[in-house]
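Take a look at the structure set out below.
2 protein chains.
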Amino acid sequence: MSESKKFIVTIGREYGSGGRIIGKKLAEALGVNFYDNEVIDMIVSKSGLTNETVKKLDGQRTSSFLYSTFMSTQTAPLSDKIFFAQSKVIKELAEKESFVIVGRCGDYVLKDVENCLNIFIYAPMEDRIKRIQEVYDEKLNNYESYIKKQDKKRSDYYNYFTPNKWGDRSNYHLMIDSSIGIDSTVKMLLGVLEALNGGEE
Amino acid sequence: MSESKKFIVTIGREYGSGGRIIGKKLAEALGVNFYDNEVIDMIVSKSGLTNETVKKLDGQRTSSFLYSTFMSTQTAPLSDKIFFAQSKVIKELAEKESFVIVGRCGDYVLKDVENCLNIFIYAPMEDRIKRIQEVYDEKLNNYESYIKKQDKKRSDYYNYFTPNKWGDRSNYHLMIDSSIGIDSTVKMLLGVLEALNGGEE
Numbered sequence: 095m096s097e098s099k100k101f102i103v104t105i106g107r108e109y110g111s112g113g114r115i116i117g118k119k120l121a122e123a124l125g126v127n128f129y130d131n132e133v134i135d136m137i138v139s140k141s142g143l144t145n146e147t148v149k150k151l152d153g154q155r156t157s158s159f160l161y162s163t164f165m166s167t168q169t170a171p172l173s174d175k176i177f178f179a180q181s182k183v184i185k186e187l188a189e190k191e192s193f194v195i196v197g198r199c200g201d202y203v204l205k206d207v208e209n210c211l212n213i214f215i216y217a218p219m220e221d222r223i224k225r226i227q228e229v230y231d232e233k234l235n236n237y238e239s240y241i242k243k244q245d246k247k248r249s250d251y252y253n254y255f256t257p258n259k260w261g262d263r264s265n266y267h268l269m270i271d272s273s274i275g276i277d278s279t280v281k282m283l284l285g286v287l288e289a290l291n292g293g294e295e
Numbered sequence: 095m096s097e098s099k100k101f102i103v104t105i106g107r108e109y110g111s112g113g114r115i116i117g118k119k120l121a122e123a124l125g126v127n128f129y130d131n132e133v134i135d136m137i138v139s140k141s142g143l144t145n146e147t148v149k150k151l152d153g154q155r156t157s158s159f160l161y162s163t164f165m166s167t168q169t170a171p172l173s174d175k176i177f178f179a180q181s182k183v184i185k186e187l188a189e190k191e192s193f194v195i196v197g198r199c200g201d202y203v204l205k206d207v208e209n210c211l212n213i214f215i216y217a218p219m220e221d222r223i224k225r226i227q228e229v230y231d232e233k234l235n236n237y238e239s240y241i242k243k244q245d246k247k248r249s250d251y252y253n254y255f256t257p258n259k260w261g262d263r264s265n266y267h268l269m270i271d272s273s274i275g276i277d278s279t280v281k282m283l284l285g286v287l288e289a290l291n292g293g294e295e
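These protein sequences, in sequence, are chains R and W.
Per our numbering, numbering through the first sequence is continuous, rising by one, with the last residue being 295.
Per our numbering, numbering through the second sequence is continuous, rising by one, with the last residue being 295.
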């Protein structure tokens with residue numbers, strides 16, 4: 095990655111690992127756009143789907159049975175249409191600018207794009223519980239069970255829309271346990287981008 | 095990690111990923127010892143086992159059947175004795191000095207040691223094949239099958255001697271795809287240690 099070259103950082107993350115805030119801080123430090131919900135808004139404006147419908151269905155995967163039924167009629171389910179629209183938007187952005195994107199199967203969607211660094215953020219369960227208690231301020235009966243359910247949703251979504259397995263190291267250039275610290279992780283990522291920028295071997 | 099504080103970097107790695115050379119270069123850059131075969135030599139001198147016997151058995155796991163048989167007689171198999179001796183040596187080193195260690199289930203052996211950064215290095219299969227062809231200069235009929243067998247050995251060894259799963263992200267602070275470049279990986283790790291050194295939040 096040369097100084098003037100476009101680059102993209104995609105971030106996948108366990109729920110409560112701080113992956114989103116890491117992405118946001120990284121984008122700020124790099125002076126590039128950060129994409130998350132903004133992407134939905136763009137899809138909406140491009141696809142003509144109402145904001146509400148998209149928000150409702152976004153992130154939900156169609157059950158296998160429904161999927162088969164839909165596919166047998168040659169009509170893609172709405173969640174697939176949304177995903178395809180999302181992917182189109184993300185790919186178009188990648189042609190124009192450097193950015194950091196969290197979620198949205200970014201690593202897979204941008205698999206053919208050059209200078210794309212794919213990151214996965216995780217953390218020990220106790221750190222994630224602490225984070226959702228302190229930072230997200232969520233009050234729950236069973237934090238661990240809730241976190242696992244959120245991870246399951248992310249994993250199902252990723253595994254449905256890509257041929258890969260969520261969280262599998264082969265999808266990512268770098269996997270970081272954020273318990274080393276949010277700011278340390280951001281610093282590290284800045285260092286990585288600088289190291290890659292400097293050329294090699 | 096403060097400047098004067100002791101620190102340890104443990105490296106687990108896929109076969110052919112360049113994990114060993116990354117560890118060696120990192121230790122050189124940090125000005126600390128690098129442990130790999132040296133550890134065996136120390137074990138030998140401490141345990142009284144002959145160099146040859148240790149080298150032959152080192153890295154081999156006893157089959158489950160043999161293990162059960164041995165355990166039923168309350169006598170630990172030689173490979174277990176070697177592992178325990180290795181662990182003892184590694185823990186003693188960790189009390190005295192900073193170092194980088196590759197393999198030897200270092201992350202698990204040193205799980206109770208402060209300032210221990212656990213790394214796992216991996217790489218796409220095509221990169222690993224290229225590496226063992228070019229760097230290791232190994233001539234084989236089926237590189238992929240050979241690499242998978244070597245990984246299987248490492249995985250079996252780790253999974254036998256620890257309660258954890260080799261390559262599982264929960265064991266490591268950082269997992270790096272070395273296809274971003276050997277020198278870039280070393281630079282990154284130096285950056286990580288510096289970031290951790292700088293304190294946080």
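Glycine residues also receive a C-beta, built at the ideal position from the N, C-alpha and C atoms.
Start-to-end residues for the beta strand (DSSP E) that takes in residue i
i              : result
residue 104(W) : 102 to 107
residue 266(W) : No beta strand (DSSP E) contains residue 266(W), which DSSP labels as neither H nor E.
residue 196(R) : 193 to 196
Which residues DSSP lists as bridging residue i, in chain order
i              : result
residue 271(W) : 216(W)
residue 291(W) : Looking at the DSSP assignment, residue 291(W) forms no beta bridge with any residue, so it has no partner.
residue 128(W) : 194(W)
residue 211(W) : 103(W)
Alpha-carbon spacing of residue i relative to residue j, whole angstroms
i              : j              : result
residue 116(R) : residue 280(R) : 6 Å
residue 253(R) : residue 205(R) : 15 Å
residue 198(R) : residue 250(R) : 12 Å
residue 219(W) : residue 105(W) : 19 Å
residue 287(R) : residue 203(W) : 32 Å
residue 191(W) : residue 260(R) : 38 Å
residue 122(W) : residue 225(W) : 21 Å
residue 186(R) : residue 256(R) : 19 Å
residue 178(W) : residue 228(W) : 36 Å
residue 245(R) : residue 103(R) : 21 Å
residue 285(R) : residue 172(W) : 45 Å
residue 210(R) : residue 188(R) : 9 Å
residue 196(R) : residue 184(R) : 11 Å
residue 52(R)  : residue 241(R) : Residue 52(R) falls outside the range modelled here, since chain R spans only 95 to 295, and no answer is possible.
residue 100(R) : residue 176(W) : 52 Å
residue 107(W) : residue 118(W) : 13 Å
residue 207(R) : residue 275(R) : 30 Å
residue 111(W) : residue 233(R) : 44 Å
residue 258(R) : residue 213(R) : 15 Å
residue 296(W) : residue 289(R) : For residue 296(W) there is no data in the structure shown, the boundaries of chain W being 95 and 295.
residue 125(R) : residue 124(W) : 31 Å
residue 200(W) : residue 239(W) : 26 Å
residue 180(W) : residue 174(R) : 53 Å
Supposed close pair residue i, residue j - CB separation, criterion 8 Å
i              : j              : result
residue 127(R) : residue 193(R) : 4 Å
residue 248(W) : residue 109(W) : 7 Å
residue 282(R) : residue 263(W) : With a Cβ gap of about 16 Å, residue 282(R) and residue 263(W) do not count as contacting.
residue 278(R) : residue 217(R) : So it is not a contact: roughly 13 Å between Cβ atoms.
residue 223(R) : residue 237(R) : 4 Å
residue 221(W) : residue 266(R) : At roughly 15 Å, the Cβ-Cβ gap does not stay under 8 Å, so residue 221(W) and residue 266(R) are not in contact.
Start and end residues, alpha helix (DSSP H) containing residue i
i              : result
residue 253(W) : 237 to 255
residue 200(W) : 200 to 203
Any non-hydrogen atom of the ligand NAP within 8 Å of residue i CB
i              : result
residue 188(W) : The ligand NAP is not part of the structure shown, which contains no ligands of any sort.
The region 259 to 279 of chain R: positions lying closer than 9 Å to chain W by Cβ: 261, 263, 264, 266, 267, 268, 269, 270, 271, 273, 274, 275, 276, 277, 278 and 279
Near-chain R residues of the region 100 to 132 of chain W (beta-carbon distance less than 7 Å), N- to C-terminal order: none
Contacting positions in the region 279 to 290 of chain R - beta carbon closer than 7 Å to chain W: 281, 282, 285, 286, 289 and 290
Against chain R: residues of the region 241 to 253 of chain W by CB proximity under 8 Å: none
Contact residues within the region 205 to 216 of chain W, judged by C-beta distance below 7 Å to chain R: Residues of the region 205 to 216 of chain W with a Cβ closer than 7 Å to any Cβ of chain R, in chain order: 216.
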